[in-house]
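Asker:
2 protein chains.
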Amino acid sequence: MAAVPDARSEDISIGELSRLTGVHVETIRYYEKIEMLPAPPRSHGGRRIYDAGHRRTLAFIRHARELGFTLDEIRTLLGLARPGGTSCAQVRDIAAAHLGSVRDKIANLMRLEAILSRTIAQCADGAPTSCAVLDMLETPDAASVVRRVMSKKPSRADRKI
Amino acid sequence: MAAVPDARSEDISIGELSRLTGVHVETIRYYEKIEMLPAPPRSHGGRRIYDAGHRRTLAFIRHARELGFTLDEIRTLLGLARPGGTSCAQVRDIAAAHLGSVRDKIANLMRLEAILSRTIAQCADGAPTSCAVLDMLETPDAASVVRRVMSKKPSRADRKI
DNA sequence: CCTTGCTCCTGTAGTCGCTACAGGATGCAA
DNA sequence: TTGCATCCTGTAGCGACTACAGGAGCAAGG
């Protein structure tokens with residue numbers, strides 16, 4: 001018996017788990033409170049003792065968070081990831097819905113990017129009487145701003161910013 | 162007395178102001194509480210009475226929010242927009258910093274988009290033994306996922322999604 | 001044995017920008 | 001007068017954490 005079954009070589013403290021996964025200690029405790037991560041057994045002194053299973057789950061959560069999935073989506077994904085967790089199709093649906101929202105966000109941000117960069121470029125062109133940024137914010141209707149700004153020919157300064 | 166000086170034709174209730182600017186009533190009151198919008202005078206019965214100045218300020222705030230500026234940035238912009246509010250350069254700096262963060266977000270989201278769309282496409286290709294999405298989430302290191310996924314040749318399914 | 005210093009514990013409150021009530025008062029028309 | 005829309009204040013909730021306060025556990029050095 002080189003290894004007694006109960007002597008688990010992979011016992012991890014919360015600090016080690018944090019270092020191993022890159023998830024803050026407070027966040028790990030938060031995940032336990034909202035039941036994202038199962039509550040681990042405790043040591044004699046009341047400290048949490050994690051194992052390789054917890055580590056895998058937390059790494060999964062972290063990767064999904066990095067990809068922008070919500071904690072609710074991840075909860076569902078974790079259920080589907082368990083052996084016997086039904087179909088790949090459901091997982092794909094969640095991922096596809098998320099991909100859709102990522103694409104929406106990109107589209108919105110690119111509209112903002114266009115408005116901001118063109119307006120700032122006008123500033124750089126240096127109309128001395130008024131500030132192009134403030135002018136844009138003061139115009140009565142944002143949709144008209146988009147139209148007006150988008151129809152303007154790009155100036156030299158556009159490429160610099 | 163067709164028009165007594167004090168009978169201001171532009172007095173607006175909070176509901177009208179909401180309709181005119183597209184900002185929810187609760188949000189207007191919230192802006193007052195956090196001192197984004199000056200507290201207006203009140204009617205005999207305690208109701209808020211706004212004027213064209215409030216309307217302009219609130220429209221400014223709304224446009225800036227639509228462009229993704231934080232309320233703190235907008236507070237600063239409002240200070241700079243007031244007559245004698247120093248220089249256009251400061252306004253441009255705030256806008257440029259914001260533009261930078263918008264571009265960072267776009268870059269991040271486009272990385273996510275690439276990972277998600279390629280992984281989902283692998284799923285659609287139909288490896289029957291395991292789910293490509295779950296596999297990706299379970300791999301130990303997200304950075305390696307990015308590398309692995311990005312170096313994969315796009316399959317036919319990539320173009321469909 | 002005692003101190004030092006690190007890690008850990010619980011619990012609460014703060015972040016951002018709202019949103020959603022509860023429980024009441026006001027104001028106007030039929 | 002009744003009914004209804006609108007308004008008021010105040011508080012709590014959202015998502016996903018983050019930042020304390022105030023204490024306890026634990027190993028090493030003196």
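These protein sequences, in sequence, are chains E and H. Residue numbers for the first sequence follow this note's numbering, so the first one is 1 and each next one is one higher. Residue numbers for the second sequence follow this note's numbering, so the first one is 162 and each next one is one higher. Glycine included, every Cβ here is placed at the ideal spot set by N, Cα and C. These numbers were taken from a predicted model, which means no experiment stands behind them.
1. Residues in its own chain within less than 7 Å of H:Glu193 by CB, not counting five upstream and five downstream?
2. So who's on the other strand from H:Arg209, going by DSSP bridges?
3. Distance, Cα to Cα, E:Thr76 vs H:Ser204?
4. Is it the case that the Cβ atoms of H:Leu273 and E:Ala81 are separated by a distance below 9 Å?
5. For E:Cys123 and H:Cys284, which I take to be in contact (beta-carbon distance under 8 Å), what is that distance rounded to the nearest angstrom?
6. Buried or exposed: which applies to H:Ser278, given that a residue is buried once 16 or more other Cβ atoms fall within 10 Å of its Cβ?
7. Using 8 Å as the cut-off, can you tell me whether the region 207-226 of chain H makes contact with the region 170-180 of chain H, which would need three or more C-beta pairs spanning the two stretches below that distance?
8. Is it right to say E:Arg19 is buried, meaning 16 or more other beta carbons lie within 10 angstroms of its own, or is it exposed?
9. Specify the secondary structure class of H:Ile173 as computed by DSSP and reduced to three states.
10. Taking H:Ile189 and E:Leu67 to be in contact with their CB atoms under 8 Å, please state how far apart those CB atoms are, rounded to whole angstroms.
11. Can you have a look at H:Leu298 and say buried or exposed, based on whether 16 or more other CB atoms are within 10 angstroms of its CB?
12. Is H:His259 closer than 9 Å to H:Phe230 when the C-beta atoms are compared?
13. Report the residues of the region 57-70 of chain E with a CB closer than 7 Å to any CB of chain H, ordered along the chain.
14. Report the three-state DSSP secondary structure of H:Gly261 (helix, strand or coil).
15. Specify the secondary structure class of E:Pro60 as computed by DSSP and reduced to three states.
16. Any beta carbon from chain H within less than 9 Å of E:Glu138's own beta carbon?
17. For a cutoff of 9 Å on Cβ pairs, would you count E:Ile14 as touching chain H?
18. The alpha helix (DSSP H) that contains H:Arg236, what's its start and end?
19. How many Å lie between E:Leu10 and E:Ile94 at the Cα?
20. For E:Glu113 and chain H, any beta-carbon pair shorter than 9 Å?
21. Mark E:Leu71 as exposed unless 16 or more other C-beta atoms lie within 10 angstroms of its C-beta, in which case mark it buried.
22. Judging by CA-CA distance, which residue of E:Arg92, E:Lys105, E:Pro41, E:Thr21 is the nearest neighbour of E:Thr57?
23. Between the Cα of E:Arg92 and those of E:Leu109, E:Ile106, E:Ile74, E:Pro41, spot the shortest distance and give me the residue it belongs to.
Answerer: So, to answer that:
1. As a first step, residue 193 of chain H is located in the second sequence; it is residue number 32 there, counting from the start. Excluding five sequence positions before and after H:Glu193, the CB atoms of its chain that fall closer than 7 Å to its own CB belong to Ala200, given in chain order.
2. For the purposes of this step, residue 209 of chain H is taken as the residue at position 48 of the second sequence. H:Arg209 is bridged to H:Arg203.
3. Residue numbering aside, residue 76 of chain E sits at position 76 when the first sequence is read from its first letter. Residue numbering aside, residue 204 of chain H sits at position 43 when the second sequence is read from its first letter. Between E:Thr76 and H:Ser204, the C-alpha separation is close to 52 Å.
4. Residue mapping note: residue 273 of chain H aligns to position 112 of the second sequence, counting from 1. Residue mapping note: residue 81 of chain E aligns to position 81 of the first sequence, counting from 1. Cβ atoms of H:Leu273 and E:Ala81: not closer than 9 Å.
5. As a working note, residue 123 of chain E is residue 123 in the first sequence. As a working note, residue 284 of chain H is residue 123 in the second sequence. Taking a contact as a CB-CB distance under 8 Å, the pair E:Cys123 and H:Cys284 does not count as one, their CB atoms being some 47 Å apart.
6. Against the second sequence, residue 278 of chain H aligns to sequence position 117. So H:Ser278 ends up on the buried side.
7. Cβ pair count under 8 Å is three or more, so yes.
8. As a first step, residue 19 of chain E is located in the first sequence; it is residue number 19 there, counting from the start. It is exposed - the Cβ of E:Arg19 has fewer than 16 other Cβ atoms within 10 Å.
9. As a working note, residue 173 of chain H is residue 12 in the second sequence. The three-state secondary structure of H:Ile173, taken from DSSP, is strand.
10. Taking the first residue of the second sequence as position 1, residue 189 of chain H is located at position 28. Taking the first residue of the first sequence as position 1, residue 67 of chain E is located at position 67. The C-beta distance from H:Ile189 to E:Leu67 rounds to 37 Å, too long to meet the 8 Å contact threshold.
11. Residue 298 of chain H sits at position 137 when you count from the first residue of the second sequence. Classification of H:Leu298: buried, given that the 10 Å Cβ count is 16 or more.
12. Numbered from 1 along the second sequence, position 69 holds the residue referred to as residue 230 of chain H. Numbered from 1 along the second sequence, position 98 holds the residue referred to as residue 259 of chain H. Yes; because the gap between Cβ atoms is below 9 Å, this pair is in contact.
13. Residues Ala59, Phe60, His63, Ala64, Glu66, Leu67, Gly68.
14. Residue numbering aside, residue 261 of chain H sits at position 100 when the second sequence is read from its first letter. Here DSSP, grouped into helix, strand and coil, assigns H:Gly261 to helix.
15. The residue labelled residue 60 of chain E in the question sits at position 60 within the first sequence. Residue identity differs from the one stated: residue 60 of chain E is Phe in this sequence, not Pro. Of the three classes helix, strand and coil, the one that applies to E:Phe60 here is helix, per DSSP.
16. As a working mapping, residue 138 of chain E is identified with position 138 in the first sequence. Yes, E:Glu138 counts as interfacial toward chain H.
17. Here residue 14 of chain E refers to the residue found at position 14 of the first sequence. It does not: the Cβ of E:Ile14 has no partner Cβ on chain H nearer than 9 Å.
18. In the second sequence, residue 236 of chain H corresponds to position 75, counting from 1. 232-242 is the extent of the alpha helix (DSSP H) around H:Arg236.
19. Within the first sequence, the letter at position 10 stands for residue 10 of chain E. Within the first sequence, the letter at position 94 stands for residue 94 of chain E. The sequence shown places Glu at residue 10 of chain E, not Leu. Cα-Cα distance, rounded: 33 Å.
20. Counted from its first residue, the first sequence places residue 113 of chain E at position 113. Yes, its Cβ sits closer than 9 Å to a Cβ of chain H.
21. For the purposes of this step, residue 71 of chain E is taken as residue 71 along the first sequence, with counting starting at 1. By the neighbour-count rule (16 or more Cβ atoms within 10 Å), E:Leu71 is not buried but exposed.
22. Taking the first residue of the first sequence as position 1, residue 57 of chain E is located at position 57. The residue with the shortest Cα to Cα distance from E:Thr57 is E:Thr21.
23. By 1-based counting over the first sequence, the position of residue 92 of chain E is 92. Ranked by how close their Cα comes to the Cα of E:Arg92, the residues E:Leu109, E:Ile106, E:Ile74, E:Pro41 have E:Ile74 in first place.
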